[in-house]
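Chains as they are written, first to last, in this note's numbering: chain A, 1 to 353; chain B, 354 to 706; chain C, 707 to 1059; chain D, 1060 to 1412.
#1: Quick check: is the beta carbon of residue 1200 of chain D nearer than 9 Å to any beta carbon in chain C?
#2: Quick check: residue 1069 of chain D and residue 1198 of chain D, are their CB atoms within less than 9 Å of each other?
#3: Would a check of beta-carbon distances place residue 1340 of chain D closer than 9 Å to chain B?
#4: In chain order, what residues of the stretch 362–375 of chain B put their CB closer than 7 Å to some CB of chain A?
#5: Would residue 68 of chain A pass as an interface residue toward chain B - the criterion being a Cβ-Cβ separation below 9 Å?
#6: Counting only the same chain and skipping the five closest in sequence on each side, list residues whose C-beta sits under 6 Å from that of residue 1095 of chain D.
#7: Alpha carbons only, please: which of A/323, A/319 and A/324 is nearest the one belonging to residue 1029 of chain C?
#8: Determine, using beta carbons only, whether residue 863 of chain C and residue 286 of chain A come nearer to each other than 9 Å.
#9: Using a Cβ-Cβ cutoff of less than 7 Å, which residues in the same chain neighbour residue 258 of chain A once the five nearest sequence positions on both sides are dropped?
#10: Return the first residue and the last residue of the alpha helix (DSSP H) that residue 321 of chain A is part of.
#11: Could you tell me which residues DSSP puts in a beta bridge with residue 132 of chain A?
#12: Can you tell me which of the three DSSP states residue 1062 of chain C falls into?
#13: Would residue 1103 of chain D and residue 1168 of chain D qualify as a contact pair, given that the criterion is a beta-carbon distance under 9 Å?
#14: Tell me, please, which residues DSSP counts as bridged to residue 555 of chain B.
#15: How would you list, in chain order, the residues of chain C whose beta-carbon sits under 7 Å from the beta-carbon of residue 208 of chain A?
#16: Which residues in the same chain as residue 368 of chain A place their Cβ atom closer than 6 Å to its Cβ, once the five residues preceding and following it in sequence are excluded?
#17: So, using beta-carbon positions, are residue 453 of chain B and residue 474 of chain B closer together than 9 Å?
#18: Just curious, the alpha helix (DSSP H) that residue 1217 of chain D is in, first and last residue?
#19: Examine the Cβ distances between the stretch 249–256 of chain A and the stretch 207–218 of chain A and report whether three or more of them are shorter than 8 Å.
#20: Could you work out which residues of chain A lie near residue 627 of chain B, taking near to mean beta carbons separated by less than 7 Å?
#21: At 4 residues or longer, what runs of the alpha helix (DSSP H) sit wholly inside the stretch 380–449 of chain B?
#22: Quick check on the burial criterion: 16 or more other C-beta atoms within 10 angstroms. Buried or exposed for residue 1061 of chain D?
#23: With contact counted as at least three CB pairs below 8 Å, one residue from each stretch, are the stretch 1071–1084 of chain D and the stretch 1118–1137 of chain D in contact?
#24: Would you report the Cα separation of residue 656 of chain B and residue 376 of chain B, rounded to the nearest angstrom?
#25: Can you name the residues of chain D whose CB is closer than 8 Å to the CB of residue 782 of chain C?
#26: Return the residue from the list D/1384, D/1359 and D/1380 that minimises the CA-CA distance to residue 1371 of chain D.
#27: Under 9 Å between C-beta atoms, does residue 356 of chain B make it to chain D?
#28: Can you tell me the Cα-Cα spacing of residue 1380 of chain D and residue 1123 of chain D, whole angstroms?
#29: Does DSSP put residue 474 of chain B in a helix, a strand or coil?
#30: Nearest chain D C-beta to residue 876 of chain C closer than 9 Å, yes or no?
#31: Residue 1063 of chain D and residue 1162 of chain D: beta carbons closer than 9 Å?
#32: Please name the residue in B/495, B/431 and B/469 whose C-alpha comes closest to that of residue 442 of chain B.
#33: Less than 9 Å between the C-beta atoms of residue 152 of chain A and residue 273 of chain A, yes or no?
#34: Taking Cβ-Cβ distances shorter than 8 Å, what residues in chain B pair up with residue 1175 of chain D?
#35: Could you give the first and the last residue of the continuous beta strand (DSSP E) run that contains residue 1281 of chain D?
#36: Looking only at DSSP bridge pairs, what is residue 458 of chain B linked to?
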């Protein structure tokens, strides 16, 4: 193997640059050069007016000073066109014409789908898990998760300061799509009293009851963590709650926002509640040590496998050990429900309500 | 003078604890003991069932380990009842019955109004400027501002990472009420291309035009800072813009949110735009060195003045010098328009569009 | 079980407070009250003039607001007296007289020795691994390690900025006693070119050669990580190197400091080298999300085991799973040499020299 | 004016990149192009084998994404050769041959000397104050100071955590050369009990006495800040103290280090004392908001002045106002002794010993 490619695709995650750097340098240490494709699979399709916009040869010096940078310097984007077979075939042709003999794809589930389609065409690929959501069950860890929760708790520590000064409760929305991992870890780490996640049914009435009860027992500040996908597991009839209650006019179950939920909790509990949406701050930032180390290990391992002619797999971590599984198996692999239960139970135990 | 009081009122600001600590220790160094009133002027009204809920004698040891804590350990709250004369008279009586001979009031404009009403009744007060908005013209600086902008830029640096990866523009809403100070400083410090503030008229069309033009010139990431009060200086006819444009349906000029503005800019410019509201994260957090130092200086200075029988004033900074002015003069003092112009012009110069 | 005890002993580690909090709250959720002993095993010996100086009953409210605090609010200290049997017997008597039926001991190897001696006397103990050194082989992780490396890389990122400006190399000393874990993780995460650890023999001449070679190849900034115990694996004859070299006068192999090593590298390589000792900054600070989560899980798990009448064990993590092993087995368990080799090899691969 | 130059010289300081960026963009907004000289005055002497190593034309895009970076991307170095007249003449010739009509010199006192020598030759120069030491009296502020003290207190907050756990005192050495500004601000901001600076005579015996006394009064943790130049104002006879005291053998007044001082305090006071040297961490790191804003303002102002044909001056801040003074006057201007006294007195007041 003389030349490989690397790309980042889907949502970006802190640590992606460290993974790219590791691919490039692990390649060079084996005499393999690396081409970086830009904007995920778009770069492989090579449709820009100038090739330089699509890919670049990555030297050792070009990845200097990247290990601690957030985002991905190869940029990333979704690529709907890549769902079509003819484009996948074109991609393989493009790579072969550049002498690229294997491709390292860093990203989440969508990225692994793209990689799997290249594998079907007989092209050697390796998937590297990079998504702050940490929502892939085949691996203990996805690059970016640690930084995302560190950023979240740093901001929630701040919110707690001002909530404590004003004796308010706070509803903080965190990322995670269909997965409660960010919410659970953020919740435990920030000492949150309540966590709402898509995996576990919950009702606004019950949350409000807890807030009320905690306030009566002298707890004048509470943190509630709301996973962005937690609306899907809400069992309350919001419209029925709001109907006839003037202070809740304008809130509807159909277009329920986290600030609507905060307002309902406020009215039902009689405690002041403020809503904050952490948003895109969780995706960026200099990666934590953990993310840099794991990204470096996974990136180097991907090249090791390609050099050993092992491909069509996604790499990951089980405990401290590097592992790999077929990329189709990695796709859509779910978080262990037992882990979800342990987390949910721990939140309840530690809340001290 | 044997005993003084201290309170924090209105919105909290990082550094308030450092100011309280300085009042207490500067007092002790002169043989003056300090009572901390809780929840702003509410504590002075002493209406809780237990006195302990209203005030506490602050020893040197009780303010140990507070200089670096966010929020205010005396808690804070607005106190509408304090607008009534009879309550102000009651407050003076309460303080006299405790032997309190002077009161240090840490907060913003509303707090200074409360202090002024006590002054009118002949009670010695000192106002200490503590508000992240930095919106008081009589002083160069209000406690909390530096930490608030540091927090904002730390989060915006993160947002820029992910915007850069995805080649998106970002609209970031910062605090500041009627004042653009936070927005200007945040904008310059984060290298923002555009800043929207209440002091300067602006139109969405013009902003969108700049975004479009910058993208055409190869700038694929832009940061726009939106001061929370900037809606007031918007000159565009939002309803006219949105009318007949299906992708803008549901957005109205009457209930315009920052995400509505982001969406309009996106549609008009053809560039992806994401909105983030930094919210309460800006109010909390461990104070910056600057906030700790200035809070310490101002708190100690307030006690110096009381000990010299100077009162009825608000303390502040001009350059490196401690100053004081009559508290009524400090109230509602406005930011120098020349400074606003300099900042606005600097943003334009540095944008590099 | 109605009452248990908890203590922190040995060097402190970020996350110890989160572990104490979890013990207390997990206890309360099962109707068990917790006594916190102060200053490690000293508190159990109860020799202070006032009992309050030795222990305190920990309520749910008393552990509020501790999850994000660095250090340990129970304080910690070594206790040489606890090596004597008669004192261990006294400790058991003291605990029984307070109704304490089990003891959770949070700390490193020395702490586990103390716990093992109580086990020998038939007293139920649980060891919880808390040491920034992460030097215990029976568990994948010890509380405090993640924060320590995050702090180290944050400071090394700063050092790299100034080294880059001045085109200097930097030798940074990190903690870790006899173990290279902190140095390896810090090295990979900070993009260090060279890591010196106690587990692997190394020579100054070779390091200087690499620095020289890298500079000749256009690398004008280098980070070298020096584990505090790495002097033990140095193979060079320092006195021979320094002899007759005037610029190295005063440096001796017997009292070799990291700044002495930096100076020798500088002279041998002809490149400017600056030395920094990160020191105690690595022990403190608000714990990272990972440390807070793992400390919470381990603390709650310790109580679960005691409630199930399982004791005499140390808890830990294997992958994502909570585990326990006999406390004597946990003591002195070594890091897997294969992991050490992987790390050392990865540093070489990623250095890009 | 069609073209100017910019350089950074002497020790680097966070915010220098923001100043360079402001120079470039303020230039472009007036139709002036900017050449960046590398490694301070060395770049102007143009002695490298390749011109690219000496200078580069800075476009708007090249300064993109630099406002938040630590260090200086133009690099910096001292340049002893520049003390010689013939080299200064050569520098002017070099600049003129490139069409450079004015030079912005960012740095401290040494840099201003270089600038003054060009002024003497009739070449238009502007000095911009950039040094973490904040040791120039003509301006209220030098770029980099705020970040340096923020970094220092962040690390001291960590040290305090571990000192508190172990009930130790801590002696922390900070930068500042002959100036106590960093030490004073760091001391007040970190709640330090004692600050040792070059401006004020002090004795180890007195410090030890305070430590002893504070411990007797229940203060079990103390932070002492030691300015790196404070040895010069030490009045104690160290050799006399150490003589005959076995636990102080090896410590001499001639080669006194901060850890020697810590050890003496420990022995004299009977309290455990640990020493930490913050070192180069204080020079690097992403600049604080304040440093970015002031650097941007000063950089743009320097260009404004050149465009108005005002030169031979150093720019600075008085309060919120931009000012300039002749560069010779700026050189060696001293900190106001009254400010030093206020700081020293405030430390004593706030210590709460």
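We put the beta carbon where it would ideally sit given N, CA and C, even for glycine.
Reading it off the structure:
#1: Chain C contact via Cβ: absent.
#2: Not a contact, by the Cβ cut-off of 9 Å.
#3: It does not; no Cβ of chain B falls within 9 Å.
#4: For the stretch 362–375 of chain B, which is checked against every Cβ of chain A, the residues closer than 7 Å are 365.
#5: No, no contact with chain B.
#6: In its chain, beyond the 5 residues on either side, 1065, 1115, 1117 and 1133 have a beta carbon closer than 6 Å to the beta carbon of residue 1095 of chain D.
#7: With distances taken between Cα atoms, residue 1029 of chain C lies closest to A/319.
#8: Going by C-beta atoms, residue 863 of chain C is nearer than 9 Å to residue 286 of chain A.
#9: The residues are 171, 173, 226, 275 and 277.
#10: It is not in any alpha helix (DSSP H) - residue 321 of chain A instead sits in the beta strand (DSSP E) that spans 321–326.
#11: Looking at the DSSP output, residue 132 of chain A shares a beta bridge with no other residue.
#12: In this structure chain C extends from 707 to 1059, so residue 1062 of chain C is not present and cannot be described.
#13: No. Outside cutoff.
#14: In DSSP, residue 555 of chain B forms a bridge with B/587.
#15: By Cβ distance, chain C contributes nothing, its closest Cβ being about 21 Å from residue 208 of chain A, past 7 Å.
#16: Outside the displayed range of chain A (1 to 353) lies residue 368 of chain A, so it cannot be described from this structure.
#17: The answer is no: Cβ separation not under 9 Å.
#18: Start and end: 1204–1225.
#19: No contact exists between the stretch 249–256 of chain A and the stretch 207–218 of chain A.
#20: Listed along the chain, the chain A residues whose CB falls inside 7 Å of the CB of residue 627 of chain B are 280.
#21: If we require 4 residues or more, the alpha helix (DSSP H) runs fully inside the stretch 380–449 of chain B come out as 394–398.
#22: Classification of residue 1061 of chain D: exposed, given that the 10 Å Cβ count is below 16.
#23: Counting Cβ pairs under 8 Å, three or more are found: they touch.
#24: Between residue 656 of chain B and residue 376 of chain B, the C-alpha separation is close to 6 Å.
#25: Residues of chain D passing the Cβ test: 1224 and 1225.
#26: Put simply, of D/1384, D/1359 and D/1380 the residue whose alpha carbon is nearest the alpha carbon of residue 1371 of chain D is D/1384.
#27: Contact of residue 356 of chain B with chain D is not assigned, every C-beta pair being separated by 9 Å or more.
#28: Spanning the two alpha carbons is a distance of roughly 27 Å.
#29: Here residue 474 of chain B sits in coil by DSSP.
#30: Output row for residue 876 of chain C: interface = yes.
#31: Yes, they are a contact pair.
#32: Of the candidates B/495, B/431 and B/469, the one whose C-alpha sits nearest the C-alpha of residue 442 of chain B is B/469.
#33: Contact check for residue 152 of chain A against residue 273 of chain A fails: the beta carbons are separated by 9 Å or more.
#34: Neighbours of residue 1175 of chain D across chain B, judged by C-beta separation under 8 Å, do not exist; the nearest C-beta is about 26 Å away.
#35: Boundaries of the beta strand (DSSP E) harbouring residue 1281 of chain D: 1281–1286, taken from the DSSP string.
#36: Beta bridge pairing from DSSP links residue 458 of chain B with B/360 and B/480.
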